[in-house]
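J.: Letter 184 of the sequence shown, counting from 1, is numbered 184 in full-length UniProt numbering, and no numbers are missing.
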Amino acid sequence: MEEYINHLPSVHDLLDQHHVHMDVAFFLARPMFNHSINTRFDVLRKADPNAKKSLPVRQTKYAEAHKEVMSSIVKSVVPLHPEKVWEDVSPGFLVTFWSLTLYDLCVPNEAYKREINKLKAQSTAMGDSKQASTKVKKEQERLGSIIAKLNDEKKKQQEHVEKIFFMLNQEKDSWFLSRSAKAAKNETITQFLQLCLFPRCIFTHTDAMYCAKFVQTLHSLKTANFSTLLCYDRLFCDITYSVTLCTENEAHRYGIFLNEMLKNVTRWHSTKDIFEKECATYPGFVTKCKNSDQFVQSSNDHVGYENFRHVCHKWHYKITKAMMVCLESKDYVQIRNSLIILIKIVNHFPVLAKLATLIEKKVEKVREDEKDKRQDLYTLATSYCGLLKGRASQFLKDSDFHQVTEKVSQVKNIVDNKSEVTKNNQSIKKKEDQVPEAKTPPLPVVNAINGTSVTEWVEAEK
Numbered sequence: 001m002e003e004y005i006n007h008l009p010s011v012h013d014l015l016d017q018h019h020v021h022m023d024v025a026f027f028l029a030r031p032m033f034n035h036s037i038n039t040r041f042d043v044l045r046k047a048d049p050n051a052k053k054s055l056p057v058r059q060t061k062y063a064e065a066h067k068e069v070m071s072s073i074v075k076s077v078v079p080l081h082p083e084k085v086w087e088d089v090s091p092g093f094l095v096t097f098w099s100l101t102l103y104d105l106c107v108p109n110e111a112y113k114r115e116i117n118k119l120k121a122q123s124t125a126m127g128d129s130k131q132a133s134t135k136v137k138k139e140q141e142r143l144g145s146i147i148a149k150l151n152d153e154k155k156k157q158q159e160h161v162e163k164i165f166f167m168l169n170q171e172k173d174s175w176f177l178s179r180s181a182k183a184a185k186n187e188t189i190t191q192f193l194q195l196c197l198f199p200r201c202i203f204t205h206t207d208a209m210y211c212a213k214f215v216q217t218l219h220s221l222k223t224a225n226f227s228t229l230l231c232y233d234r235l236f237c238d239i240t241y242s243v244t245l246c247t248e249n250e251a252h253r254y255g256i257f258l259n260e261m262l263k264n265v266t267r268w269h270s271t272k273d274i275f276e277k278e279c280a281t282y283p284g285f286v287t288k289c290k291n292s293d294q295f296v297q298s299s300n301d302h303v304g305y306e307n308f309r310h311v312c313h314k315w316h317y318k319i320t321k322a323m324m325v326c327l328e329s330k331d332y333v334q335i336r337n338s339l340i341i342l343i344k345i346v347n348h349f350p351v352l353a354k355l356a357t358l359i360e361k362k363v364e365k366v367r368e369d370e371k372d373k374r375q376d377l378y379t380l381a382t383s384y385c386g387l388l389k390g391r392a393s394q395f396l397k398d399s400d401f402h403q404v405t406e407k408v409s410q411v412k413n414i415v416d417n418k419s420e421v422t423k424n425n426q427s428i429k430k431k432e433d434q435v436p437e438a439k440t441p442p443l444p445v446v447n448a449i450n451g452t453s454v455t456e457w458v459e460a461e462k
C-alpha cells in the first residue's frame, strides 16, 4: 500500500492537472484514504487505554482520525468548483460522499445469514462427528472455521459501520448550508444531483447501490436542509435525458440505482405504520423552510401519509411517460436503454394495472417491429414482456394505490403532461395509447419549468 500511495498523484492533481473525472479519481484514491485513516486510528486507539473496552471511545478516535486525514483533501477540492457551489453544498460533504463505499454504510446481514446457514446445513448433512471418518471430521472442522470467520467478519463490519455513522452524525449539520429557504428546496438538491449522484450511480453496480443507500442515510440521519421529497422528485419526474445519455453498461447501473430508490418509496408507501415511523417526523418530509436555514419542525408542515401516496402515484405516471417516449422513439439507444432499465426495475415498477397495460403495449410493438431487424432489442422486449406478465397478479388499481377523491382530482396539474418529458422527442399520437392524466396533485420542484414549491402544493391540498 505504501508503494501505491507513493506513486498515486493527489486527488487535487488527478482532478486539476490530469483532468481525471471525479468518479475515477476517488475510486483510485479511496484505498489510500482508508489506509491512512486506519493507520492514524490505530495510533490514537493504542494511545488511549480505554479504547479497547469502550466502543464510544473507539468511535470518537475514529472520527478524529478521519478528520485529521481528510481535512487536507477537503481543502484541496475547494478550488475545483466556483464559490457559488459551496454556498449550497460544503466541501466536506462532497469529500464524504465520494470517499465512502457501500461497505461503510450497511452490513449485508441477510447474505451472512444465508451463507452461514448453508455451511451449517452442509456440516449437519455429514452426520454425527463422533461416528464420522477422519476425512469427514476435517471437513466439518473446516466448515466450522469458515463459519467462525464469517461471524467475526460480520462483527468487525458492524463495528465499522457504527463508527462511520458516529462520524456522519457529527458532520451532518454542516453539509448543506443553504443561503435561503428557496435554495434549501432547490439549489442544494441540484448540486447534490450534479456533483454526486448522477456521476457515481452509473460508475459501477456497487456504486449504484451505494448512491441509493447514501440518499437513504441522509434521510435517516435527519440531515438539516436536505429535502428527501425533492430529491426523489427530481430523480423520478423526468428520467428521459438520463436514459438517453447512458451507454449500455451505464443503463444497467442506472436501472439498479432506480430500483433501489423505488424500493425505498415502495416500502414507505406500503403501510401507514412504516411511513409514520420512518418519514412522518423527519426533516426530509418537511414542506416549509425558514430563512434561517432550518426546517420547520411543526407536524402541520410535514407531508402526511395520504399526500405521500398521491406523490408516489404522480411519480409512477412520470416514469411511465418517460419510458413510453423512449420506446416510441426510433432511436436505438433510447429503446435499448429503456428496456434495460424497465427490466431492472420490474419488481417495483409498474405496480398500477393501467400503467402496466400501456407499457406492455409499447413493448409488444417494439417486439413486433424488431423481430426481423435488431435481434438484441427483440430479445430484450421479449424478456421484459415475460417478466411483466409474471407480475400481473400483483398489479393494483389506482384506488388501491392511493385515495382518489373529488378534491384530489380537481387539483391543478401544474406540470404540462404533453410537453414536460422532453421537447425533442415525438409525442404520443394515438389517443387510446396516451398515458392518462394522473388524477394526482403533483409535487413540483422549483425550477425553470415551473415555480411551484412543495409548500404551495401541500397548501393547495389543505
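Cβ coordinates follow ideal geometry from the N, Cα and C atoms, glycine included.
Just tell me which of His-81, Ala-29, His-19 has its CA closest to the CA of Tyr-4.
T.: Here residue 4 refers to the residue found at position 4 of the sequence shown. Minimum Cα distance to Tyr-4 is reached at Ala-29.
J.: Under 6 angstroms Cβ to Cβ from Leu-218, same chain only, skipping five residues before and after it: list those, please.
T.: For the purposes of this step, residue 218 is identified with residue 218 of the sequence shown, where counting begins at 1. Answer for Leu-218: Phe-226, listed in chain order.
J.: For a test of the three-state rule: what should DSSP assign to Val-11, helix, strand or coil?
T.: The residue labelled residue 11 in the question sits at position 11 within the sequence shown. DSSP places Val-11 in helix when its eight states are reduced to three.
J.: In whole angstroms, what is the alpha-carbon distance linking Gln-122 and Asn-151?
T.: Residue 122 sits at position 122 when you count from the first residue of the sequence shown. Residue 151 sits at position 151 when you count from the first residue of the sequence shown. Using only the alpha carbons, I get a separation of about 17 angstroms.
J.: Just checking my contact of Tyr-384 with Val-363 at CB under 8 angstroms: how many whole Å lie between their CB atoms?
T.: Numbered from 1 along the sequence shown, position 384 holds the residue referred to as residue 384. Numbered from 1 along the sequence shown, position 363 holds the residue referred to as residue 363. Rounded, the Cβ-Cβ distance is 6 angstroms, consistent with contact.
J.: Where does Ser-107 sit, in a helix, a strand or coil, going by DSSP?
T.: Taking the first residue of the sequence shown as 1, we reach residue 107 at position 107. As written in the sequence, residue 107 is Val, which differs from the Ser given in the question. Correct three-state label for Val-107: coil.
J.: What is the DSSP secondary structure of Val-303, reduced to helix, strand or coil?
T.: Sequence index remark: in the sequence shown, residue 303 carries index 303 (1-based). Reduced to three states, the DSSP call for Val-303 is coil.
J.: Does the beta-carbon of Ser-419 have 16 or more other beta-carbons within 10 angstroms, so that it is buried, or is it exposed?
T.: Counting from 1 along the sequence shown, the entry for residue 419 is found at position 419. With a pLDDT of only 36 at Ser-419, under 50, the local geometry of the prediction cannot be trusted, and the value read off the model is given with reservation. Counting Cβ neighbours within 10 Å, Ser-419 comes out exposed, since fewer than 16 surround it.
J.: From the DSSP output, in three-state form, read off Val-286 for me.
T.: Taking the first residue of the sequence shown as 1, we reach residue 286 at position 286. In this structure, Val-286 counts as strand in the three-state DSSP scheme.
J.: Which residues share a DSSP beta bridge with Leu-352?
T.: Walking along the sequence shown from the start, residue 352 turns up at place 352. Beta-bridge pairing links Leu-352 to Leu-396.
J.: In this structure, does DSSP put Phe-33 in helix, strand or coil?
T.: Here residue 33 refers to the residue found at position 33 when the sequence shown is read from its first residue. The answer is helix: DSSP assigns Phe-33 an H, G or I state.
J.: Sort Phe-93, Leu-230, Leu-105 by Cα distance to His-160 and report the nearest one.
T.: For this step, residue 160 is matched to residue 160 along the sequence shown. With distances taken between Cα atoms, His-160 lies closest to Leu-105.
J.: Which residue wins for smallest C-alpha separation from Phe-97, given the options Ala-125, Gln-17, Cys-201, Leu-15?
T.: Locating residue 97 in the sequence shown gives position 97, where the first residue counts as 1. The residue with the shortest Cα to Cα distance from Phe-97 is Cys-201.
J.: Go ahead and pull the three-state DSSP assignment for Pro-199.
T.: For the purposes of this step, residue 199 is taken as residue 199 along the sequence shown, with counting starting at 1. Reduced to three states, the DSSP call for Pro-199 is helix.
J.: May I ask you to verify whether the stretch 20-39 touches the stretch 135-143, counting CB pairs closer than 8 angstroms and requiring at least 3?
T.: no
J.: For Val-421, is the classification buried or exposed, using 16 other Cβ atoms within 10 angstroms of its Cβ as the cut-off for buried?
T.: For the purposes of this step, residue 421 is taken as residue 421 along the sequence shown, with counting starting at 1. Bear in mind that the predicted position of Val-421 carries a pLDDT of just 38, short of 50, making it unreliable; the figure below should be weighed with that in mind. Per the 10 Å Cβ criterion, buried.
J.: Check whether the Cβ atoms of Asn-57 and Ala-65 sit closer than 7 angstroms, and answer yes or no.
T.: Here residue 57 refers to the residue found at position 57 of the sequence shown. Here residue 65 refers to the residue found at position 65 of the sequence shown. According to the sequence displayed, residue 57 carries Val and not Asn. No; because the gap between Cβ atoms is not below 7 angstroms, this pair is not in contact.
J.: Hey, is the stretch 72-84 in contact with the stretch 111-121, meaning 3+ C-beta pairs nearer than 8 angstroms?
T.: no
J.: Does any residue of chain C have a CB that is nearer than 7 angstroms to the CB of Leu-352?
T.: You won't find chain C in this structure, because it holds only one protein chain.
J.: If contact is defined by three or more beta carbon pairs under 8 angstroms, each pair taking one atom from either stretch, is the stretch 273-280 in contact with the stretch 364-371?
T.: no
J.: Can you give me the start and stop residues for the alpha helix (DSSP H) that Met-167 sits inside?
T.: Within the sequence shown, residue 167 is the residue found at index 167, counting from 1. Unbroken alpha helix (DSSP H) run through Met-167: 134-171.
J.: Under three-state DSSP, which class holds Asn-6?
T.: Numbered from 1 along the sequence shown, position 6 holds the residue referred to as residue 6. Here Asn-6 sits in helix by DSSP.
J.: If you draw a straight line from the alpha carbon of Lys-429 to that of Met-22, how long is it in whole angstroms?
T.: Position 429 of the sequence shown, counted from the first residue, corresponds to residue 429. Position 22 of the sequence shown, counted from the first residue, corresponds to residue 22. Any reading at Lys-429 must be qualified, since the residue scores a pLDDT of 42, below 50, and its modelled position is unreliable; the value itself is stated next. Cα-Cα distance, rounded: 42 angstroms.
J.: Taking the runs of the alpha helix (DSSP H) that are 4 residues or longer, which of them lie wholly in the stretch 313-355?
T.: If we require 4 residues or more, the alpha helix (DSSP H) runs fully inside the stretch 313-355 come out as 332-344.
J.: Cβ atoms of Ser-174 and Ser-99: under 7 angstroms apart, would you say?
T.: As a working note, residue 99 is residue 99 in the sequence shown. As a working note, residue 174 is residue 174 in the sequence shown. No, the pair does not count as a contact, with Cβ atoms beyond the cut-off.
J.: Using a Cβ-Cβ cutoff of less than 6 angstroms, which residues in the same chain neighbour Lys-370 once the five nearest sequence positions on both sides are dropped?
T.: Sequence index remark: in the sequence shown, residue 370 carries index 370 (1-based). The question names Lys, but residue 370 in the sequence shown is Glu. Excluding sequence neighbours, Glu-370 sits near Leu-377, Tyr-378.
J.: Since I believe Leu-94 is in contact with Lys-172 (beta carbons under 8 angstroms), could you give me their beta-carbon distance rounded to a whole number of angstroms?
T.: Locating residue 172 in the sequence shown gives position 172, counting from the first residue. Locating residue 94 in the sequence shown gives position 94, counting from the first residue. Actually they are not in contact, since the Cβ atoms of Lys-172 and Leu-94 sit about 14 angstroms apart, beyond 8 angstroms.
J.: Tell me, to the nearest whole angstrom, how far the beta carbon of Met-261 is from that of Tyr-232; I am working on the premise that it is less than 8 angstroms.
T.: In the sequence shown, residue 261 corresponds to position 261, counting from 1. In the sequence shown, residue 232 corresponds to position 232, counting from 1. Met-261 to Tyr-232, Cβ: 7 angstroms. Contact.
J.: By Cβ distance below 6 angstroms, which residues in the same chain neighbour Glu-360 in space, the five residues on each side in sequence not counted?
T.: To locate residue 360, count along the sequence shown from 1; it is residue 360. Counting only Cβ-Cβ distances below 6 angstroms, and skipping sequence neighbours, we find Leu-388.
J.: Can you tell me whether DSSP reads Glu-276 as helix, strand or coil?
T.: Taking the first residue of the sequence shown as 1, we reach residue 276 at position 276. Helix, per DSSP.
J.: Which class does Lys-371 belong to by DSSP, given the choice of helix, strand or coil?
T.: Residue 371 sits at position 371 when you count from the first residue of the sequence shown. Coil, per DSSP.
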